[in-house]
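Inspection log for the structure reproduced underneath, given as structure tokens.
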Amino acid sequence: MNRKIAALAVLWALLASAPWWLPVVGGYTQLGSRVLIYALATMSLNLLLGFTGGLSFGHAAYFGLGGYGAGMTLKYLAPSTPLALLVGTLVGGAAATLLGPSVMRRRGIYFAMITIAIGQLFYFVAVRWNEVTGGEDGLAGFARQPLHLGGWTLPLDDTAFYYLVLVCFAAGVAIIGLLLRSPLGRTWVAIRENQRRAQFLGLPVARYVWASFAISGTLTAFAGGLNALLNNFTSPQDLHWILSGNFVIMVVLGGMRSFWGPLAGVIIFLVAQDYLSSLTENWMTFIGIIFILVVLLFPRGLLGMLRARTRPQ
Amino acid sequence: MQLLLFNVFNGLVIGMFYALMALGLSMILGLNQTINMAHGGFLIVGAYLAFTLDPYLGFWGALVAGPLCAAVLGLVVERLLIKPLYKRNEPLYTLLVTFGLALVIQDVARRIWGPQGLPFSIPDVLNSPISEALFFITGYRALIVAIALIAAIALFLVLQYTRLGVRIRAGTRDLETVATLGVNIYVLRALNFALGCLFAGLAGVLAAGQLGLIPTMGESVIMPSFVAIIVGGVGSLVGSILGGLIIGVAAGVMTTYYPAASEAVIYLIMAVVLVVRPRGLLGQEGLFE
Amino acid sequence: MSIDRRSVIKAGLAVGAAGLIAPPILSYGRGESPIKIGMHDPLTGTYAAEGESEVNGAKLALAQVNRKGGMLGRPVELVVEDDAANVGTAVQKAHKLLEKEGCSMLMGAVSSATALAVNQVAHEKGTIYMVTGGHTDPVTGSEAHWTTFRICTTTYMLAAGLVNTLYKKFGKRWYFITPDYAFGHTFQAAYAKILQSLGGTVLGNSLSPLGTTDFSSYLIKAQSTNPEVLILLVDGQDLVNCMKQAVQFGLQKKMAIGGGLSELEVMAALPPEARSGWWTVEWYWNQPKTPHVKEFVAAYQKAYGKTPSARSWFGYAGLHSLVLGANKAKSIQPVKMARALEGMVLPPEVALQPHKIYFRPGDHQLMSSEFPGEIKKDGKYPDLFQVADIVEGDKIALPVAETHPGKLDYPTA
Chain A
786 MNRKIAALAV LWALLASAPW WLPVVGGYTQ LGSRVLIYAL ATMSLNLLLG
836 FTGGLSFGHA AYFGLGGYGA GMTLKYLAPS TPLALLVGTL VGGAAATLLG
886 PSVMRRRGIY FAMITIAIGQ LFYFVAVRWN EVTGGEDGLA GFARQPLHLG
936 GWTLPLDDTA FYYLVLVCFA AGVAIIGLLL RSPLGRTWVA IRENQRRAQF
986 LGLPVARYVW ASFAISGTLT AFAGGLNALL NNFTSPQDLH WILSGNFVIM
1036 VVLGGMRSFW GPLAGVIIFL VAQDYLSSLT ENWMTFIGII FILVVLLFPR
1086 GLLGMLRART RPQ
Chain B
3 MQLLLFNVFN GLVIGMFYAL MALGLSMILG LNQTINMAHG GFLIVGAYLA
53 FTLDPYLGFW GALVAGPLCA AVLGLVVERL LIKPLYKRNE PLYTLLVTFG
103 LALVIQDVAR RIWGPQGLPF SIPDVLNSPI SEALFFITGY RALIVAIALI
153 AAIALFLVLQ YTRLGVRIRA GTRDLETVAT LGVNIYVLRA LNFALGCLFA
203 GLAGVLAAGQ LGLIPTMGES VIMPSFVAII VGGVGSLVGS ILGGLIIGVA
253 AGVMTTYYPA ASEAVIYLIM AVVLVVRPRG LLGQEGLFE
Chain C
122 MSIDRRSVIK AGLAVGAAGL IAPPILSYGR GESPIKIGMH DPLTGTYAAE
172 GESEVNGAKL ALAQVNRKGG MLGRPVELVV EDDAANVGTA VQKAHKLLEK
222 EGCSMLMGAV SSATALAVNQ VAHEKGTIYM VTGGHTDPVT GSEAHWTTFR
272 ICTTTYMLAA GLVNTLYKKF GKRWYFITPD YAFGHTFQAA YAKILQSLGG
322 TVLGNSLSPL GTTDFSSYLI KAQSTNPEVL ILLVDGQDLV NCMKQAVQFG
372 LQKKMAIGGG LSELEVMAAL PPEARSGWWT VEWYWNQPKT PHVKEFVAAY
422 QKAYGKTPSA RSWFGYAGLH SLVLGANKAK SIQPVKMARA LEGMVLPPEV
472 ALQPHKIYFR PGDHQLMSSE FPGEIKKDGK YPDLFQVADI VEGDKIALPV
522 AETHPGKLDY PTA
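And the structure:
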């Protein structure tokens, strides 16, 4: 137990001091922010994927909706960063809640195919609805506004924004942690382990899956909103099925059944992608190979393997 | 009115193409229980290898050779990447592995043949409309429809009347029993996968004649193919063809009246089908539910 | 699979560690610290061919610049990043180039959307940005910033270079097939405006999403309106597919086809039967009367085995312009460079075209020429295009009062 607390303390210390040590190892602050944002998105996805057993391959839809919601708020409604984040989260969350029923009774391949198709629907709406979303070019012309806290204004440059992201990440992680420890979370795991038995026990499985889907989508949308603020830009690429696939592989890479797994997966994947795409034109081959190797050789992911090693047989 | 009819006809032609892809996908979905995200990759393989062999074998030779190459690659892929994953009984892994494979194939194609578009010449006899009035039905498009139909009918005959076909159909329903009856299911699954890839490769060669070659050519076809399967019904091959035709026509007609929605409409149709009749139009009850 | 899991982990960790610890590889040993120019272009994806040409042109210029002593006496280094024509990626790469690589200035872009996005980043950071190949008008128009300059022409200039020829030769009833993004929208708007001022009619406009492979529905619709001219504004692989299908439908017998931007890469990808139409290119290699062009073409062919296209020239002129600007300002301080670039005339060995071309002070747009002409039906690579005319840029471009009235937003501090 002590080891776990120590590990967590080190983790948070590292995250809090990132803007200082990142450049030393060849990183940069924007990369750090991106890692945290994707980590939040994938940890929420993992609620559904790893802990409830719902194979969502279309989560980028909620990520993108969060981004567009935030961007459009800043562009058309009001120059307020908190409002933008709120709107983005609500839009994505609403979509996930409304669409939950379409998947909550399905499992496995069918579940996956429906989520893929929902993602595509949103993608094409974003690409074609030029007047509202900016179409193929994406939504530009907005920027994150300084925060007004009490009487004090904090302009959100790269470093300040990193800390905002860190705070949001911590909040999201706390929510996910609390949920998983609660009876709700236990039920999800039960459903994942053996859905039929859960059903026979009288649990309204569909409703629990719906809840998982909705909550997961909402938090992913929150991450999407932060992402739009990071780039001061959002585009249909943030809704694309390839991003959905990347989210899933990051979860698997880090460890699907573990709480912090997605963070590990995101770090490895984004750093690898960042490094590889500057190194070689063939970076896509390497990313594809990572997918293949992870699935064939490391299906339990990094943290899954470490845990198996430390656990007594 | 004439415009609408034209678009309906045109949509049927496009639809046959989607149907061809959907057939292969459906086969793989059935027996191999795999969502083959790399189906577009096998399309690329068929197309590019046909292009490379075209100077030696001519168009018709390449039309046969391309799909065969895709099928052979399918055998290799099934053995190396899919086979180890069957025992995990979790569709997530095959989906991810084929996703990764799709990225690799596309990038390797770019590396070998270059990122620029490459022209693929089709025989001159096919290069013009079959009639003045029906100017949009070129000889080549008619060929696409003809070949898709022939392939579908051939597949149906194989599945219905050959031993392999019967085993595939039985295996899709109940693989365990088939194995108990002494059939080599490893070979069966490999052949099934290869057959699915054959169709993808065939679609690839046909696409190359229509669109030329570029490494990204697989991307835009894979999603509509999934929709075709969902709409037509998972587990039904006739359903896949029907699904392909429906979405082809829907997209074509939408382009006449409200072009901005012409891609989104197929996902809308899929959403409606999923709500109203979740197993698809001709789908079999109880599969994947 | 018989690969040992542990050995894969070890190998992966080793590669990762090496990458992090190894010092950045300097192209130059001791001596002057290099000035870094960051370039973002698509090296993968649909526009990879165009991106590759731009990068090759820039690299050729880089070699020339460094042979002559570099920028302000310091060697120049070009750091290239792949943006895959994806806006989010372009923004990330721009940040990476500026923050991690420490680039002093940026250049690049094939996709107009990436140009707009990086324009925003460059302005936030106060860095000079030389747009090489993103055509949409706002980059030197409504979204123009003091930091940003552009080599390739605006979509208005593209339209204006060709419209008269098409109108006089073929007729006044036009139908458009337009790619559904910034480049297409402004291109079509420009054509529509000029056409209508000449007395022609826009019969209709079909918007096709980027990456459309099947244009049959749009072509059917176009044909139903019975136009005299079918303007195809799609570019890249979309143009190849659209042309192929248009010719397969026999449309070129019923109407004139053309009007859009064509590029050598695209022409090479068309099968012989689809090579027809009147198009405009922004620079062409075959200019027998223009000095220095032959040397450039020869050097490029020697280095890359291909004939340079307009994209190659964009990269080439872009890098040279940055160096010339810095040398003229005697500094790489962005405001000084910007002031120096304003009004700067490109020397003939960089301009590689007959007219005087310069960066217009009001909106930072290079007034380079348009080369309208006809594709050769029986041409053999690289002789695929017959240039009809070389139209001076500043004669056809919209005046600054219309592109960017008012002053550019130089920092007041």
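Just so you know, the protein sequences line up as chains A, B and C, in that order. Note that the first sequence covers residues 786 to 1098 in my numbering. Note that the second sequence covers residues 3 to 291 in my numbering. Note that the third sequence covers residues 122 to 534 in my numbering. Glycine included, every Cβ here is placed at the ideal spot set by N, Cα and C.
Inset, instruction - Quick one: grab the DSSP three-state call for C/A492. - result: Going by the sequence as given, residue 492 of chain C is Phe instead of Ala. When DSSP states are grouped into helix, strand and coil, C/F492 belongs to the strand group.
Legend entry - Helix, strand or coil at A/W1026 according to DSSP, with G and I counted as helix: A/W1026 falls in the helix class under three-state DSSP.
Inset, instruction - Mind reading off the beta-carbon distance from C/H485 to C/A265? Whole number of angstroms is fine, and I expect it under 8 angstroms. - result: Confirmed, Cβ separation roughly 6 angstroms.
Legend entry - Buried versus exposed call for C/W406 [16 or more other C-beta atoms within 10 Å across all chains shown]: In the assembly as shown, C/W406 is a buried residue. Its beta-carbon has 16 or more other beta-carbons within 10 Å.
Inset, instruction - Could you tell me whether the stretch 244–262 of chain C touches the stretch 425–445 of chain C, where touching means 3 or more Cβ pairs closer than 8 angstroms? - result: The stretch 244–262 of chain C vs the stretch 425–445 of chain C: in contact.
Legend entry - Close beta carbons around B/M272, own chain, < 6 angstroms, minus the five adjacent residues each side: Excluding residues within five positions, the ones whose Cβ falls inside 6 angstroms are V229, I232 and V233.
Legend entry - C/V418 - containing beta strand (DSSP E), residue span: Taken as a continuous stretch (DSSP letters only), C/V418 belongs to no beta strand (DSSP E), being part of the alpha helix (DSSP H) at V414 to Y425.
Legend entry - Interface partners of B/Y294 on chain A, CB under 7 angstroms: Residue 294 of chain B is absent from the structure shown; chain B starts at 3 and stops at 291.
Legend entry - Top-ranked residue by Cα proximity to B/A311, from B/F53, B/T36, B/S28 and B/A40: Look at the range of chain B in this structure, 3 to 291, and you will see that residue 311 of chain B is not part of it.
Legend entry - Limits of the unbroken alpha helix (DSSP H) element including B/I243: B/I243 -> alpha helix (DSSP H) spans L239 to Y259.
Legend entry - Spatially closest choice to A/A1118 from A/L840, A/L988 and A/I1074, by CA coordinates: Residue 1118 of chain A is absent from the model: chain A starts at 786 and stops at 1098.
Legend entry - Amino acids of chain B, ordered along the chain, whose beta-carbon sits closer than 8 angstroms to that of A/S887: Within chain B, the residues near A/S887 are A273, L276 and V277.
Inset, instruction - Under 6 angstroms Cβ to Cβ from B/E65, same chain only, skipping five residues before and after it: list those, please. - result: Contrary to the premise, residue 65 of chain B reads as Leu rather than Glu in this sequence. If we look at B/L65 and ignore the five residues flanking it on each side, its Cβ neighbours are V207.
Legend entry - For A/L963, three-class secondary structure by DSSP: Helix.
Inset, instruction - Please work out which residues of its chain come closer than 6 angstroms, Cβ to Cβ, to B/L51, disregarding the five sequence neighbours upstream and downstream, and give them in chain order. - result: Answer for B/L51: G68 and C71, listed in chain order.
Legend entry - A/M1041 beta carbon near the ligand FAD (any heavy atom closer than 7 angstroms): For the ligand FAD, the structure offers nothing, since it holds no ligand at all.
Legend entry - Whether C/A390 touches B/P121 by CB criterion (8 angstroms): Less than 8 angstroms separates the beta-carbon of C/A390 from that of B/P121.
Legend entry - Buried/exposed call for C/P493, threshold 16 Cβ in 10 Å: It counts as buried.
Inset, instruction - Just grab the DSSP bridge partners of C/V201 for me. - result: C/M160.
Inset, instruction - Please name the residue, chosen from C/K180, C/L283 and C/A215, that lies closest to C/E403 on a Cα-to-Cα basis. - result: Among C/K180, C/L283 and C/A215, the Cα nearest to that of C/E403 is on C/L283.
Legend entry - Backbone secondary structure at C/Q507 - three-state DSSP: Note: C/Q507 maps to strand in three-state DSSP.
Inset, instruction - Out of A/S1043, A/A897 and A/V950, point me to the one whose CA is closest to B/N38's CA. - result: The shortest C-alpha separation from B/N38 is found at A/A897.
Inset, instruction - Please confirm if the stretch 233–249 of chain B is in contact with the stretch 211–218 of chain B, defined as three or more CB-CB distances below 8 angstroms between the two stretches. - result: With a cut-off of 8 angstroms, the stretch 211–218 of chain B and the stretch 233–249 of chain B do not count as touching, because too few Cβ pairs lie within range.
Inset, instruction - Keeping to the same chain, check which residues put their C-beta closer than 8 angstroms to that of A/G893; ignore five residues upstream and five downstream. - result: Apart from the 5 residues on each side of it in sequence, A/G893 sits with its Cβ closer than 8 angstroms to the Cβ of L840 in its chain, given in chain order.
Inset, instruction - List the residues of chain A whose Cβ lies closer than 9 angstroms to the Cβ of C/L331, in chain order. - result: Simply V912 and E921.
Inset, instruction - Taking 8 angstroms as the threshold, find out whether the stretch 1006–1020 of chain A comes into contact with the stretch 855–875 of chain A through three or more Cβ pairs. - result: Output reads yes: the stretch 855–875 of chain A touches the stretch 1006–1020 of chain A.
Inset, instruction - Would you mind telling me which residues of chain C sit closer than 7 angstroms to B/R112, beta carbon to beta carbon, in chain order? - result: By Cβ distance, chain C contributes T165 and A169.
Inset, instruction - Find the nearest neighbour of A/P867 within the set A/R929, A/G987, A/S1062 and A/S967, judged by alpha-carbon distance. - result: Closest by C-alpha distance to A/P867, out of A/R929, A/G987, A/S1062 and A/S967, is A/R929.
Inset, instruction - Give me whichever residues DSSP pairs with C/Y250 in a beta bridge. - result: Beta-bridge pairing links C/Y250 to C/L227 and C/T269.
Legend entry - Outcome for B/L197 when other beta-carbon atoms lying within 10 angstroms are tallied against a minimum of 16: Buried.
Inset, instruction - Output the boundary residues of the alpha helix (DSSP H) element that contains C/F297. - result: The continuous stretches of alpha helix (DSSP H) do not include C/F297, which lies in the beta strand (DSSP E) extending over residues R294 to P300.
Legend entry - Option nearest C/Y203 by Cα separation, candidates C/T165, C/I341, C/I378 and C/K180: A quick correction: the sequence has Asp, not Tyr, at residue 203 of chain C. Selected option, being the one with the closest Cα: C/T165.
Inset, instruction - Note down the Cα distance separating A/T900 from A/H844, rounded to an integer number of angstroms. - result: As the crow flies, the alpha-carbon of A/T900 is around 8 angstroms from that of A/H844.
Inset, instruction - Return the chain-ordered ranges of every alpha helix (DSSP H) run that is complete within the stretch 872–907 of chain A and spans a minimum of 4 residues. - result: Correct list: empty.
Legend entry - Closest by C-alpha distance to B/L190, when choosing among B/S242, B/L33 and B/Y163: For B/L190, the nearest C-alpha among the options comes from B/L33.
Legend entry - As assigned by DSSP and simplified to three states, the class of A/L1061: A/L1061: helix per DSSP, three-state reduction.
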